[in-house]
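Trainee: Residue numbers (my numbering): 145 to 806.
What follows is a structure written as structure tokens; I'll ask about it next.
Spelled out as structure tokens, the structure:
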């Protein structure tokens, strides 16, 4: 079996052990994208746009053909059938290859011994040997790296807590050192090392480890050690360390922050004047207009505090140091841009930079004819702003992950919850719920914490994870209501509340009003369009759902929650009675989430209507492991299709697939 190693760098080993790693960086990038894509598939158009976004379409396709040729050379001999190439797409057969990054995901949620294997498997960041390629690929890589790093850290940290709880400080220390190689500011790991030294009688090394932790936290996070670390330091210093292990710090057991620090805060972002690099000062208005539109678009996201051009004029026409911008304007991120007009073409470059370290978080390049710029300005800005929102969120999630538990405010705790919700399994939802509850203890009026809590409860109900369904329903209702009450102009809160109205109450008109209001407030909120698409499907308007989903895809091309919204596509296809398309669209999602009930249900319907009940059987069995009842009567009562004819047709598909009446 061919092995694809992506952690720490890209290396391909053929079945016979031969190193067949492609030499070209972009070919290695293409291997990684295919290996981690749902179902291992991607269209040629997608790959060309991902890796050669700076070239004209024909040039990009030519470069892609060269990379495909190099890739074919790697999949040779016994491995040839693992790669399928046709006119429109490329596909790596996941049953014919071993991929370390996918193995990491499996081990990370396994037994203690499986989680221990993560330490050896995680050889470093994803594609650590590939620098910046630019454009959309860098966006994708940044998100994937953060996800794999978080996955490895969460697995190791859970193992660390178990060893501390068992008072095995020697084993805990070895795990802690592995954690610190990935995250030098991981405070819990520093405490484990301190305690291990102290229990071996090496007091000086234990105190020195505290100094290392203090200096690292200051350098990486501009933070101080939390109360648990300081307390351990004082106990070691005063020779008061007992025979008990310090134990793990949980999201709900930390000492309370000062009131001013505990509440959620808005994230500060500056939009700098766009530079005109075409040499003609009469063209300054192009950049000024785009910058102002981006300010307006970002300001619609309630979690952002945007510093506009009136306060950033000092940076007009200069290549500003992001660190200076951060210090002067007291912002964490800056949006920079440049506009170049060459004859009748206009090139627009935008990047998001971290003002703490000057690192580029995200970049984008657009090229349009001069005549089109003014016609397409709103669409260009909408897509740029729509992509900035999730990139800012991902960057903040990465930052919050490194922040010590004792220093987390309500905002930080929500950021810790979000990637756990993205993982979408019962255990990750339980952990996410702990972080969200902690956030609401710190700030009971934090609208986004209430919104995510409502979403979590609805998801648990739909997937059959809720231990007490009635309590989950009441929780969804309560938190959806509080989210809107706490901030009636937050587009996310409104969209999530709309989802609760339709899924829990079947109140379609109220849901429609909430979704429409959400998009009126912020048309750049990609999830708003996707939630609206789901409502359209439930109301029997699948064609409108497809249009809204396409809008979402343009705004959020690298959303880590994309599998959920592609599930909306599967549901819409089922309502549209396009059953062969349902099967095609469902398969990539089920590769990574084989028991995802929301996909299994329309897939079973499709097989039923196509007269293929035998093919539906294994999916019905999978569904029974998730949902309490797989019967016609259950779905008649619980599936949220508004029109009687749609529901009857849906139920008939289940019936033809062999689902019993009772």
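Yeah, the Cβ is synthetic: ideal placement off N, Cα and C, and Gly gets one too.
Jot down the residue ranges of each uninterrupted alpha helix (DSSP H) in the segment 201 to 282, minimum 4 residues, whole runs only, in chain order.
Mentor: Here the runs fully enclosed are 201 to 218, 244 to 252 and 256 to 265.
Trainee: Which residue from 644, 785 and 804 puts its Cα closest to that of residue 761?
Mentor: Here the question's residue 761 lines up with position 617 in the chain shown. Looking at the Cα atoms, 804 is the closest of the given residues.
Trainee: Please state if the CB of residue 606 and the CB of residue 635 are separated by a distance shorter than 7 Å.
Mentor: Within the chain shown, the letter at position 491 stands for residue 635. Within the chain shown, the letter at position 462 stands for residue 606. Cβ distance not < 7 Å, so residue 635 and residue 606 don't count as in contact.
Trainee: In the DSSP output, what is residue 297 paired with across the bridge?
Mentor: In the chain shown, the residue the question calls residue 297 occupies position 153. None, per the DSSP bridge assignment.
Trainee: Among residues of its own chain, excluding the 5 on either side of residue 688, which ones have a beta-carbon nearer than 6 Å to its beta-carbon?
Mentor: Counted from its first residue, the chain shown places residue 688 at position 544. Same-chain partners within the cutoff: 680.
Trainee: Decide if residue 596 is buried, meaning its Cβ has at least 16 other Cβ atoms within 10 Å, or exposed.
Mentor: Residue numbering aside, residue 596 sits at position 452 when the chain shown is read from its first letter. With 16 or more Cβ atoms within 10 Å of its Cβ, residue 596 is classed as buried.
Trainee: Is the number of C-beta pairs between the segment 656 to 675 and the segment 431 to 448 that are closer than 8 Å three or more?
Mentor: Touching, yes, given that three or more Cβ pairs across the two stretches are closer than 8 Å.
Trainee: At which residues does the beta strand (DSSP E) containing residue 319 begin and terminate?
Mentor: For the purposes of this step, residue 319 is identified with residue 175 of the chain shown, where counting begins at 1. Note, residue 319: premise wrong, no beta strand (DSSP E); alpha helix (DSSP H) at 313 to 326.
Trainee: Would residue 178 and residue 236 be called neighbours here (beta carbons separated by less than 7 Å)?
Mentor: What you label residue 178 is simply residue 34 of the chain shown in a count that begins at 1. What you label residue 236 is simply residue 92 of the chain shown in a count that begins at 1. Yes, the Cβ-Cβ distance between residue 178 and residue 236 is below 7 Å.
Trainee: CA-CA distance, residue 194 and residue 280?
Mentor: As a first step, residue 194 must be located in the chain shown, where it is residue number 50. As a first step, residue 280 must be located in the chain shown, where it is residue number 136. Those two C-alpha atoms are separated by around 5 Å.
Trainee: Near residue 295, which residues of its chain fall below 7 Å by C-beta distance, leaving aside the five closest residues on each side in sequence?
Mentor: By one-based count along the chain shown, residue 295 stands at place 151. So the list reads 248, 249 and 252, once near-sequence residues are dropped.
Trainee: Mind reading off the beta-carbon distance from residue 418 to residue 483? Whole number of angstroms is fine, and I expect it under 8 Å.
Mentor: Mapped onto the chain shown, residue 418 falls at position 274. Mapped onto the chain shown, residue 483 falls at position 339. Rounded, the Cβ-Cβ distance is 6 Å, consistent with contact.
Trainee: Does DSSP put residue 396 in a helix, in a strand, or in coil?
Mentor: Position 252 of the chain shown, counting from 1, holds the residue named residue 396. For residue 396, the predicted model reports a pLDDT of 36, less than 50, meaning its position is unreliable; a value from the coordinates is still stated below. Coil, per DSSP.
Trainee: Straight-line CA distance for residue 385 to residue 350?
Mentor: Translated into positions along the chain shown, residue 385 becomes position 241. Translated into positions along the chain shown, residue 350 becomes position 206. Residue 385 and residue 350: Cα-Cα distance of roughly 12 Å.
Trainee: With H, G and I counted as helix, E and B as strand and the rest as coil, what does DSSP make of residue 836?
Mentor: Absent from the structure is residue 836, since the part of the chain shown begins at 145 and ends at 806.
Trainee: Can you check whether the CB of residue 307 is closer than 7 Å to the CB of residue 299?
Mentor: For the purposes of this step, residue 299 is identified with residue 155 of the chain shown, where counting begins at 1. For the purposes of this step, residue 307 is identified with residue 163 of the chain shown, where counting begins at 1. Taking 7 Å as the Cβ cut-off, residue 299 and residue 307 do not qualify as a contacting pair.
Trainee: Since I believe residue 479 is in contact with residue 490 (beta carbons under 8 Å), could you give me their beta-carbon distance rounded to a whole number of angstroms?
Mentor: Here residue 490 corresponds to residue number 346 of the chain shown, with the count starting at 1. Here residue 479 corresponds to residue number 335 of the chain shown, with the count starting at 1. The Cβ separation is near 18 Å, so there is no contact.
Trainee: Would a C-beta distance cut-off of 7 Å place residue 658 and residue 642 closer than the cut-off?
Mentor: Walking along the chain shown from the start, residue 658 turns up at place 514. Walking along the chain shown from the start, residue 642 turns up at place 498. Yes.
Trainee: Could you give the DSSP three-state label for residue 341: helix, strand or coil?
Mentor: Here residue 341 corresponds to residue number 197 of the chain shown, with the count starting at 1. Here residue 341 sits in helix by DSSP.
Trainee: Hey, quick one: how far does the alpha helix (DSSP H) through residue 358 stretch, first residue to last?
Mentor: In the chain shown, counting from the first residue as 1, residue 358 sits at position 214. Segment 347 to 365, the alpha helix (DSSP H) holding residue 358.
Trainee: Have a look at residue 218 and residue 175 and give me their C-alpha separation to the nearest angstrom.
Mentor: Against the chain shown, residue 218 aligns to sequence position 74. Against the chain shown, residue 175 aligns to sequence position 31. Looking at the two C-alpha atoms, the distance is approximately 10 Å.
Trainee: Count the other CB atoms, across all protein chains shown, that sit within 10 Å of the CB of residue 259; report buried if there are 16 or more and exposed otherwise.
Mentor: Counted from its first residue, the chain shown places residue 259 at position 115. It is buried - the Cβ of residue 259 has at least 16 other Cβ atoms within 10 Å.
Trainee: Can you give me the C-alpha to C-alpha distance between residue 163 and residue 149, rounded to a whole angstrom?
Mentor: Working through the chain shown from its first residue, we reach residue 163 at position 19. Working through the chain shown from its first residue, we reach residue 149 at position 5. About 11 Å.
Trainee: Among 553, 560, 436 and 382, which has the Cα closest to the Cα of residue 522?
Mentor: Counting from 1 along the chain shown, the entry for residue 522 is found at position 378. Of the candidates 553, 560, 436 and 382, the one whose C-alpha sits nearest the C-alpha of residue 522 is 436.
Trainee: Output the residue ranges of the beta strand (DSSP E) runs that lie fully inside the segment 678 to 753 and measure 3 residues or longer, sorted by chain position.
Mentor: You should have found no qualifying run.
Trainee: To the nearest angstrom, how far is the alpha carbon of residue 601 from that of residue 466?
Mentor: Locating residue 601 in the chain shown gives position 457, counting from the first residue. Locating residue 466 in the chain shown gives position 322, counting from the first residue. The alpha-carbon atoms of residue 601 and residue 466 are separated by roughly 40 Å.
Trainee: Would you report the Cα separation of residue 531 and residue 168, rounded to the nearest angstrom?
Mentor: Taking the first residue of the chain shown as 1, we reach residue 531 at position 387. Taking the first residue of the chain shown as 1, we reach residue 168 at position 24. If you take the alpha carbons of residue 531 and residue 168, they lie about 28 Å apart.
Trainee: Name the two residues that bound the continuous beta strand (DSSP E) containing residue 495.
Mentor: Residue 495 sits at position 351 when you count from the first residue of the chain shown. Its beta strand (DSSP E) spans residues 489 to 498.
Trainee: Do residue 496 and residue 414 have their C-beta atoms within less than 7 Å of each other?
Mentor: Residue mapping note: residue 496 aligns to position 352 of the chain shown, counting from 1. Residue mapping note: residue 414 aligns to position 270 of the chain shown, counting from 1. In this structure, residue 414 does not lie closer than 7 Å to residue 496 by Cβ.
Trainee: Quick check on this structure: which residue in 438, 166, 622 and 334 has the alpha carbon closest to the alpha carbon of residue 210?
Mentor: Counting from one through the chain shown, the residue named residue 210 turns up at place 66. For the residues 438, 166, 622 and 334, the minimum Cα distance to residue 210 belongs to 166.
Trainee: State yes or no: is the C-beta of residue 335 within less than 7 Å of the C-beta of residue 373?
Mentor: If you number the chain shown from 1, residue 335 lands on position 191. If you number the chain shown from 1, residue 373 lands on position 229. A contact, by the Cβ cut-off of 7 Å.
Trainee: Can you look up residue 481 in the DSSP assignment and give me helix, strand or coil?
Mentor: The sequence position of residue 481 within the chain shown is 337, counting from 1. Residue 481: strand per DSSP, three-state reduction.
Trainee: Cβ atoms of residue 598 and residue 640: under 7 Å apart, would you say?
Mentor: Stepping through the chain shown from its first residue, residue 640 is reached at position 496. Stepping through the chain shown from its first residue, residue 598 is reached at position 454. Cβ distance < 7 Å, so residue 640 and residue 598 count as in contact.
Trainee: Taking the alpha-carbon positions, what's the residue 554 to residue 222 distance?
Mentor: Counting from 1 along the chain shown, the entry for residue 554 is found at position 410. Counting from 1 along the chain shown, the entry for residue 222 is found at position 78. Computed Cα separation, rounded: 54 Å.
Trainee: Does the segment 717 to 730 touch the segment 697 to 706, meaning 3 or more C-beta pairs lie closer than 8 Å?
Mentor: No, because fewer than three Cβ pairs between the segment 697 to 706 and the segment 717 to 730 fall closer than 8 Å, the two stretches do not touch.
Trainee: Using the three-state DSSP reduction, which class does residue 401 fall into: helix, strand or coil?
Mentor: Taking the chain shown and counting its residues from 1, one reaches residue 401 at position 257. At residue 401 the pLDDT is 39, less than 50, meaning the model places this residue with poor confidence; the figure from the coordinates comes in the next sentence. Three-state DSSP puts residue 401 in coil, outside helix and strand.
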